[in-house]
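Trainee: Chains U and F supply the protein sequences, listed in that same order. 31 is the number of the first residue of the first sequence in our numbering; add one for each residue after it. 453 is the number of the first residue of the second sequence in our numbering; add one for each residue after it. C-beta atoms are modelled at their ideal positions from N, C-alpha and C, and glycine is treated no differently. Could you have a look at this structure, given as structure tokens, before my questions?
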Amino acid sequence: MNTQTPYRVLVTKVGLDGHDRGSRIVAAYLRDAGMEVVYTPPWQSVDQVVRLANDEDVDLVGVSSLSTDHLIVPDLMQALRKAALEHVPVVVGGIVPDTEHALLFDAGVSAIFGPGTARDTIVNTVRQLAAAARDALENPFT
Amino acid sequence: MNRRAEQQQPKGYEKAETQWHDDYRRDIGDAQPVHNRSGVPIEPLYGPSTDPGAAHLEHLGLPGQLPYTRGIYPTMHRGQTWSQRQLIGHGTPAEYNERVLKMIDAGTTAISLIPCNSVYRGNDCDEIPLPLLGTCGTVVNTAEHMDHALSQVDIAAISTAMNDPSPFTLLSFVLNVADRRAVPWQQISGTSNQSDYLSHFIANHMFFRLSLEGARRVLLDHIAFCRERVPNWNPLSVVGQHMQQAGATPAQAMGFTLCSALQYGRDCLQRGLDPDDFLPRFTFFFDISMSLFEEVAKFRAGRRLWARLTLEQLGATTDRARRFKFHGQTSGADLTRQQPLNNIARVTTQAIAGILGGLQSLHTDAFDEVINVPNEDPARIAVATQNILREEAGLCDVIDPLGGSWYVENLTDEMEKTIVAVIDTVENAGGMYAAAESGLVQRMIGESALAWQDRIDTGDQKIVGVNCYRVPEEKDNHAVPPTVRPAKDKMQAHVDQLRRFKTDRSQAAVQQSLTALARAANSTDDNVFARVVEATAAGVTHGEVIACLRQELGFGQPLIVD
């Protein structure tokens, strides 16, 4: 695992909703855990998130959703692939009905954190995913 | 206090208290001190030393008497229980109408309309990805849509609460519908919920916002217009709910909300409006958390403070202008994803707190709200919870039943002090408008949210099913019904219909109205809301009104503070 530079994580909200208590808390968790957090206001479009993920060279994208905006995360996954950013793992946090978990996992989402997920679970999962993504990028043949 | 205490205490009390105190210290060991969510230290026992005694009348008053600590009406829930105002909104206007007519058949006298998130964000439905439409509210973009949504609803008789942020297009549509049905505007009653733009800037980014300055202007135009032309409409609901849901403590939420109300009151005074006329039309909207006694004390202290502030700061002279009318909503943030049926117990506890706190109107959350937009069964249980509390629990038999409790009176005083400290912080920063602009309030709320989360993460604050009393994943969640999404074909037809409407209407009339609206926005004496009402009557859509005002008055980006 590359531990020389801290992991960079984009914490954002796509779509229409603006409840940002969750994204702010998770951003603070990740910052406290030594990661660099690129934080956006809510209401980002899919294209804006892709551009930020690219420009900010992040190791992972975290999308927070409270009221159904997770339904456009599959569009985000497709747009990331189109921009050759398929190596950047995406995690979703917030309110995602059980019956729609498959929709997100099938689209390539790496993890879903529902309400009440423990701090350690979030931090450790993000760290592992970011580490794996960075390893894969830096050592493509191992 | 001590002088009062001597008057109140029966003979031998002091000795008995000392005895209890010694026994308590011996048995309790070194248990940690207890603080409520607002940081007020809580003693293990309260006694007569905190009884207000001779100051009773001026400090508490009787129900319906200043300072309204015990309630704003002489009869409170004995006379009229709270309005049961459940938020509803889903799908197309036709789907909304079907649901609302069922509710009216079942005896509802007050309805609400929650628009789709796309409406909140200032868009028409033809600009938004189909999967996001109608999932959290009804897609209403035109006066026609509102006419469908309220088809067969007697709008002269029923009170209508609209979640209708600036520039208030939903009320505009209702007034257009009233004109079509030859209903005089004087007969339209209800409330512009989500009219408190400061609360949106500070704590809830669900809503499209004009620039702070633009939002301030349009709200004042809206209030002035309604006072003159729609006299039974409440043009302003001051919201503490967003702040508490975003993490503010109960005392902070109350303090900030009173500061917002003061700001709006002062703005109205500056506009030349009469406080005895506009203040009775101010309403409040609060969150009710699990901290039962703290919430009761919050509401009692809030009533007392508002009675004082309206007199001292806003120059109200009538009793009516000093009444603190509020709607309460049980706290979604306190519900848990884990063991979701437990949320029924939580909502019940929160509702009891609100009722004992003397609310005028109540929304109870459905237990599945933390998982999806409420399904029919959970929504029915939420309504039943209110019915059970009203009909079976005896909560309405006595007015302010916790009044006179040594603990609750003391806590009301302590909460009041804490709230006053919050108000002082904001007032010293130049008032709520300036404090929102500088990010002060956002920062305070963010800190409280993190501190609360920290208490949960460390286990200091126990949350059943989250950090204690957990059950294995496979035994959890069986009670939750599947998520129902709006029918895609109906929504697609709705979008197509709007596109046809935009093509078929008189383009000249639309252009003329938009020009008049833009001119009003740039003038200092024309009323922007009056031009919104004219524009929507001429077929201008919600998204077009917003696009025009955004162009003229600017957009309010959220202020991100660390």
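Classify residue 637/F as helix, strand or coil using the three-state DSSP reduction.
Mentor: Residue 637/F: helix per DSSP, three-state reduction.
Trainee: Could you work out which residues of chain U lie near residue 657/F, taking near to mean beta carbons separated by less than 9 Å?
Mentor: The contacting residues are 43, 47, 48, 49, 50, 71, 72 and 73.
Trainee: Go through its chain and collect everything with a Cβ distance to residue 798/F's Cβ below 7 Å, but skip five positions before and after it.
Mentor: Here the set comprises 742, 786 and 787.
Trainee: Classify residue 501/F as helix, strand or coil using the three-state DSSP reduction.
Mentor: If DSSP states are grouped into helix, strand and coil, residue 501/F belongs with the helices.
Trainee: Chain F beta carbons: is any one of them nearer than 7 Å to that of residue 102/U?
Mentor: Yes, its Cβ sits closer than 7 Å to a Cβ of chain F.
Trainee: With a threshold of 7 Å between beta-carbons, can residue 822/F be considered close to chain U, or not?
Mentor: Taking Cβ atoms only, chain U reaches closer than 7 Å to residue 822/F, which makes this a yes.
Trainee: Tell me where the alpha helix (DSSP H) around residue 676/F begins and ends.
Mentor: Residues 664 to 681.
Trainee: Against chain U, with Cβ distances strictly below 7 Å, would residue 938/F count as a contact?
Mentor: Not one chain U Cβ lies under 7 Å of residue 938/F.
Trainee: Against chain F, does residue 149/U count as a neighbour if the rule is that its beta carbon must be under 7 Å from one of theirs?
Mentor: Closer than 7 Å to some Cβ of chain F, the Cβ of residue 149/U qualifies, so yes.
Trainee: Helix, strand or coil for residue 735/F, going by three-state DSSP, please let me know.
Mentor: Strand, per DSSP.
Trainee: Given that a residue counts as buried once 16 or more other Cβ atoms are within 10 Å of its Cβ, and exposed if not, what is residue 487/F?
Mentor: Looking at its Cβ environment, which holds fewer than 16 other Cβ atoms inside 10 Å, residue 487/F is exposed.
Trainee: For residue 970/F versus residue 1004/F, is the C-beta distance shorter than 7 Å?
Mentor: Their beta carbons are under 7 Å apart, which means residue 970/F touches residue 1004/F by this criterion.
Trainee: Nearest to residue 1010/F by alpha carbon, out of 867/F, 664/F, 712/F and 901/F?
Mentor: When each option's Cα is compared against that of residue 1010/F, the closest is 664/F.
Trainee: If we count the other Cβ atoms within 10 Å of its Cβ and call it buried at 16 or more, is residue 752/F buried or exposed?
Mentor: Buried, because 16 or more other Cβ atoms sit within 10 Å of the Cβ of residue 752/F.
Trainee: What is the rounded straight-line gap between the Cα of residue 154/U and the Cα of residue 461/F?
Mentor: If I take the Cα positions, the gap works out to 58 Å.
Trainee: Go through its chain and collect everything with a Cβ distance to residue 37/U's Cβ below 6 Å, but skip five positions before and after it.
Mentor: Around residue 37/U: 65, 89 and 160.
Trainee: At 8 Å on the CB atoms, spell out the chain U contacts of residue 584/F, in chain order.
Mentor: Within chain U, the residues near residue 584/F are 45, 46, 98, 99, 101 and 102.
Trainee: What's the C-alpha gap between residue 705/F and residue 961/F?
Mentor: Those two C-alpha atoms are separated by around 45 Å.
Trainee: Run down chain U in chain order and give the residues with a C-beta less than 9 Å from the C-beta of residue 789/F.
Mentor: 125, 144, 145, 146 and 147, listed in chain order.
Trainee: Given a cut-off of 7 Å on the beta-carbon distance, is the pair residue 688/F and residue 734/F in contact?
Mentor: Going by C-beta atoms, residue 688/F is nearer than 7 Å to residue 734/F.
Trainee: In chain F, what lies closer than 7 Å to residue 58/U by C-beta?
Mentor: Under the 7 Å cutoff, chain F gives 902.
Trainee: Go ahead and pull the three-state DSSP assignment for residue 107/U.
Mentor: Residue 107/U falls in the helix class under three-state DSSP.
Trainee: Alpha carbon to alpha carbon, how far is residue 492/F from residue 143/U? Give it in angstroms, no decimals.
Mentor: If you take the alpha carbons of residue 143/U and residue 492/F, they lie about 33 Å apart.
Trainee: May I ask you to list the residues that DSSP assigns as paired with residue 69/U?
Mentor: Residue 69/U pairs with 41/U.
Trainee: Three Cβ pairs or more, each shorter than 8 Å: is that satisfied between the stretch 869 to 880 of chain F and the stretch 565 to 574 of chain F?
Mentor: Counting Cβ pairs under 8 Å, fewer than three are found: no touch.
Trainee: Would the beta-carbon of residue 989/F fall within 7 Å of that of residue 980/F?
Mentor: No, Cβ-Cβ distance for residue 989/F and residue 980/F is not below 7 Å.
Trainee: Along chain F, which residues have their Cβ under 7 Å away from the Cβ of residue 129/U?
Mentor: Chain F residues near residue 129/U: 934 and 935.
Trainee: Determine whether the Cβ of residue 987/F lies closer than 7 Å to any Cβ atom of chain U.
Mentor: Cβ-Cβ to chain U under 7 Å: no for residue 987/F.
Trainee: Cα separation between residue 955/F and residue 131/U?
Mentor: Approximately 40 Å, taken between the alpha carbons.
Trainee: Measuring CB atoms only, is the stretch 71 to 91 of chain U touching the stretch 112 to 132 of chain U, in the sense that at least three cross pairs come out at less than 8 Å?
Mentor: The stretch 71 to 91 of chain U, when compared against the stretch 112 to 132 of chain U, does touch it at the 8 Å Cβ threshold.
Trainee: Go through its chain and collect everything with a Cβ distance to residue 881/F's Cβ below 8 Å, but skip five positions before and after it.
Mentor: Excluding sequence neighbours, residue 881/F sits near 887, 890 and 892.
Trainee: Just to make sure I have the definition right: I need the residues of chain U whose C-beta is within less than 8 Å of the C-beta of residue 909/F. Which are they?
Mentor: The answer, in chain order, is 148 and 149.
Trainee: So which of 536/F, 894/F and 767/F has the shortest CA-CA distance to residue 782/F?
Mentor: Residue 782/F has its Cα closest to that of 536/F, out of 536/F, 894/F and 767/F.
Trainee: Is there a C-beta anywhere in chain F that falls below 7 Å from the one on residue 152/U?
Mentor: No, no contact with chain F.
Trainee: Under 7 Å between C-beta atoms, does residue 681/F make it to chain U?
Mentor: It does not: the Cβ of residue 681/F has no partner Cβ on chain U nearer than 7 Å.
Trainee: Report the neighbours of residue 770/F on chain U: residues whose CB is nearer than 7 Å to its CB, in chain order.
Mentor: Simply none; closest approach about 38 Å.
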